[in-house]
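Protein chains: 2
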Amino acid sequence: MIKIAVDTVGGDFGVNTTVYGACLAMEEQKDLSCLFFGSPREIKAALPEFSDMNRVKIIESNNEITDDDHALKAVRRKQNSALVRGIKAVSEGQADSFISAGSSGAIYLASMFYIGTIEGIERPAAVSILPTVSKESPYYLLIDAGANIASKPKYLSDYGKFGSAIAKQLLGVTEPRVGLLNIGTEPSKGDDFRKAAYANLENEQTINFIGNVEPTDILKGTNEIVLTDGFTGNILLKSVEGTSQILLNDLLAVITTEESLDKKTLAVVERAIQQRVNRFTNEDIGGGFILGIKAPIVITHGSADEKMFKNSVLTAARLAVNNAFKDY
Amino acid sequence: MIKIAVDTVGGDFGVNTTVYGACLAMEEQKDLSCLFFGSPREIKAALPEFSDMNRVKIIESNNEITDDDHALKAVRRKQNSALVRGIKAVSEGQADSFISAGSSGAIYLASMFYIGTIEGIERPAAVSILPTVSKESPYYLLIDAGANIASKPKYLSDYGKFGSAIAKQLLGVTEPRVGLLNIGTEPSKGDDFRKAAYANLENEQTINFIGNVEPTDILKGTNEIVLTDGFTGNILLKSVEGTSQILLNDLLAVITTEESLDKKTLAVVERAIQQRVNRFTNEDIGGGFILGIKAPIVITHGSADEKMFKNSVLTAARLAVNNAFKDY
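Residue numbers (this note's numbering), protein chains in the order written: chain A, 427 to 754; chain B, 427 to 754.
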């Protein structure tokens, strides 16, 4: 049985969405159990009829961390919050991974404090699991998607090594191809950070470094791991998600208002567009995770709905059985 | 009469595409004339039947600059190339603006040497004119889209001022809203570069600074000018263009292979998608331009087709009558 610690409080939509989403995940995957942290009264009220109570455990927490809190102070002072209690449950071996839609800064710090970082990783990174249009290589890991805006070239080599170990199992590839995000493919491209990172990565024998990659290459599926600093990674993430969401929804709005068109055909087209919205706004995968913590910590969007939260719980379950977190 | 110096040689498709595209622009706008730089024999052969020869002038050039050339050496040694001759024609007052699909590095350097930079601009920037989904604010200027990867916070204030002056006329807005590209909207967000740039911009009385903006905001049309360093700007540009192009073409391919659907409806949907491909891959606007040179220098994609080249010539014409280049 895989045990997931669930912060039921974090996120824009609260306990009904998180609990319902986690129960959908348990319904889909029978070797999954959840530890729900939050208000027992609210959690019980939110449990759907189909819940399997043998796989549900409820643990009371209060004094919750909000987005208005200072992350560092909140993690130190609000020891009884769902966020801190859930992460502590992982560190104490009561759960295999943790999932939250709450404050990513607080989750990041609490994970470092209570679970600790992996040997060889100085600063943990945020990883986003992002889609491509390639059938052969449908996903890639973006590292760092926003944790360290003051990155160092050396960090990227470390992320490349640990990221490759995770990707082998998570994406099912034997030799994940590692690319450095840059503004051109030639080795001489980019600023001093990129040039130093390139030189380090080229000398790294244990990873399959394929050189510089541009956003267009990545979307076509040229590689399974994209390395960059947290500032650039966050811009890339938000550009790709934002463009997909805004452009496709705009298209959907225009098409569906065309009164004179054949309804059956429109329905097929709408479904094709909606599938891409779900895929490219990351609803299908759910959350990303922190790389460099000794256990899987999954963080999803504050705006995650039930379906996205469900998918985040399933990602937390997949990572719980990933050998990289154990053997590294 | 607006006079455009056209490099007929640069670009992937050569003289037939550039000359035909420029003639389409003259057909659309009757107060436009072109000086074609390149091989007179090839240019004459490429002129379409509808050309108005009263508005065409052909100037022989040879010893052309290619993408394999070292930009600095090429600009110094290949004085008789279409690229250098065309830029010199602008500096000598024979033309109002210059357009090329050739090496952007060589165009940038030749413009600095032969036309010179505007007082108050230390390093010229690349500007892309990019689309939004907003009807009220359909375009924005991305500054810097890739010229200076080693930028300084001070440059951004200068770009904000000069960019606002250009945007007033080019985009027809009285007080262009200026945003700083960042990974969050709070003033404290981002690295040291962003924080210093924010502080400078906030103190700049002459521009309408609205604070930090994220990629999603920008696409929705929250502002007309986006300031960033050349590295991040180039990543944003390629992410937005790449995502639009790849995602929409993938959708188009899937939809058009659905045999059973109503053909008339599919045709309408295809047209709506294709319109968005054209708009978001910048075919509709054509090239970007260099900010900080004393005359309008337009650079378009090497892969520009006739239609995109035509639109680039029209952009060069619009910038030729822009007071900012004269009064600044």
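Idealized CB from N, CA, C, for every residue including glycine.
Going along chain A in order, which residues have a C-beta closer than 7 angstroms to the C-beta of I757 (chain B)? For residue 757 (chain B) there is no data in the structure shown, the boundaries of chain B being 427 and 754.
Distance, N638 (chain B) Cα to G714 (chain A) Cα: 25 angstroms
Just how far apart, CA to CA, sit T632 (chain A) and K587 (chain A)? 7 angstroms
Between S487 (chain A) and I544 (chain A), what straight-line distance do the alpha-carbon atoms span, to the nearest angstrom? 28 angstroms
At a Cβ threshold of 7 angstroms, is T444 (chain B) touching chain A? no
So, with DSSP's three-state summary, where would you put E650 (chain B)? coil
Of all Cβ atoms in chain A, is any one closer than 7 angstroms to the Cβ of I672 (chain B)? yes
Could you tell me which chain A residues have their CB closer than 8 angstroms to the CB of S665 (chain B), listed as they occur along the chain? P641, I661, L662, S665, V666, T669
G464 (chain A) beta carbon less than 7 angstroms from that of V435 (chain A): yes
Let me see if you follow: with CB-CB separation under 7 angstroms, is T691 (chain B) close to chain A or not? yes
Note down, in chain order, all residues in the segment 572 to 589 of chain A with a beta-carbon under 8 angstroms from any beta-carbon belonging to chain B. G572, I575, A576
Going by the DSSP bridge assignment, what does P557 (chain A) pair with across the sheet? A:Y565
Using only CA atoms, which one of B:I725, B:I430, B:T648 lies nearest to I485 (chain B)? B:I430
Tell me which residues share the same chain as Y566 (chain A) and place their Cβ nearer than 7 angstroms to its Cβ, disregarding the 5 neighbours each side in the sequence. L556, T558, I644, N649, E650, I651, V652
Could you tell me which of B:T741, B:D676, B:L458 sits nearest to K561 (chain A), measuring between CA atoms? B:D676
Between the segment 683 to 693 of chain B and the segment 677 to 693 of chain A, are three or more C-beta pairs nearer than 8 angstroms? yes
How big is the Cα-Cα spacing for R503 (chain B) and G528 (chain B)? 17 angstroms
Proximity winner among A:L678, A:T683, A:G718, relative to Q701 (chain A) (alpha-carbon distances): A:L678
Would you mind telling me which residues of chain A sit closer than 9 angstroms to G616 (chain B), beta carbon to beta carbon, in chain order? I575, F657
If you measure between the beta carbons of F735 (chain A) and G531 (chain A), is that distance less than 7 angstroms? no
Whether N608 (chain A) touches R620 (chain A) by CB criterion (7 angstroms): yes
Could you check whether the Cβ of G542 (chain B) sits closer than 6 angstroms to any heavy atom belonging to the ligand COA? Ligands in the displayed structure: none, and consequently the ligand COA is not present.
Per DSSP, cross-strand counterpart(s) of G572 (chain A): DSSP output for G572 (chain A) lists no bridge partner at all.
Can you confirm whether V758 (chain A), when its beta carbon is compared against all beta carbons of chain B, has any partner nearer than 7 angstroms? Residue 758 (chain A) cannot be examined here, being either before or after the span of chain A that is shown, 427 to 754.
Straight-line Cα distance separating L535 (chain B) from H496 (chain B): 11 angstroms
What's the gap between the Cα of S563 (chain A) and the Cα of V445 (chain A)? 32 angstroms
Which residue wins for smallest C-alpha separation from N737 (chain B), given the options B:T683, B:F657, B:I525? B:I525
Compare the beta carbon distance of G659 (chain A) and G572 (chain A) with 7 angstroms and say whether it is the shorter of the two. yes
Mind checking whether I716 (chain A) and P550 (chain A) have CB atoms under 7 angstroms apart? yes
Since I believe S523 (chain B) is in contact with A746 (chain B) (beta carbons under 8 angstroms), could you give me their beta-carbon distance rounded to a whole number of angstroms? 4 angstroms
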